[in-house]
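**Student:**
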Amino acid sequence: MSIVDYLFAPRLDRFGSKTPSEASRIFFLIVILSVSYWAWQVSNGIVSIWFMIVIFVSTPILSIGWWLLSLISQNRPEKDLFSK
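Counting with numbering that gives the first Met the number 0, you get residues 0 to 83 for the letters of the sequence shown.
1. Is Phe7 near Ser62, with beta carbons less than 8 Å apart?
2. How close, in whole Å, do the beta carbons of Val30 and Ile60 come, if the pair is a contact with beta carbons under 8 Å?
3. Apply the 10 Å Cβ neighbour rule to Ser33 and answer buried if 16 or more other Cβ atoms are within range, or exposed otherwise.
4. Hey, could you find the ends of the alpha helix (DSSP H) Glu21 is sitting in?
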């Protein structure tokens, strides 16, 4: 299995449902961490403002990114989330 297949293959959980790929999970962490860092500077350290900025900015970025990642992973074979 190539690195591209590993990153973009949908994962099957123990019930057989498709869960997000590794690329989606990595994308989530990158977006949340980068937006959090940026928002902390914009909010001047006010936690409630920081939290609102993180939610409002990261939501559309994650939605569009996950949609694009789902298009990439459409024709990839599924991989088990946990080894059997």
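Where is the CB? At the ideal position from N, CA and C, for every residue including glycine.
**Tutor:** To lay it out plainly:
1. Taking the first residue of the sequence shown as position 1, residue 7 is located at position 8. Taking the first residue of the sequence shown as position 1, residue 62 is located at position 63. Going by C-beta atoms, Phe7 is not nearer than 8 Å to Ser62.
2. Residue 30 sits at position 31 when you count from the first residue of the sequence shown. Residue 60 sits at position 61 when you count from the first residue of the sequence shown. Between the beta-carbon of Val30 and that of Ile60 there is about 5 Å, and that keeps the pair under the 8 Å contact cut.
3. By 1-based counting over the sequence shown, the position of residue 33 is 34. Burial call: exposed.
4. Counted from its first residue, the sequence shown places residue 21 at position 22. Segment Glu21 to Val41, the alpha helix (DSSP H) holding Glu21.
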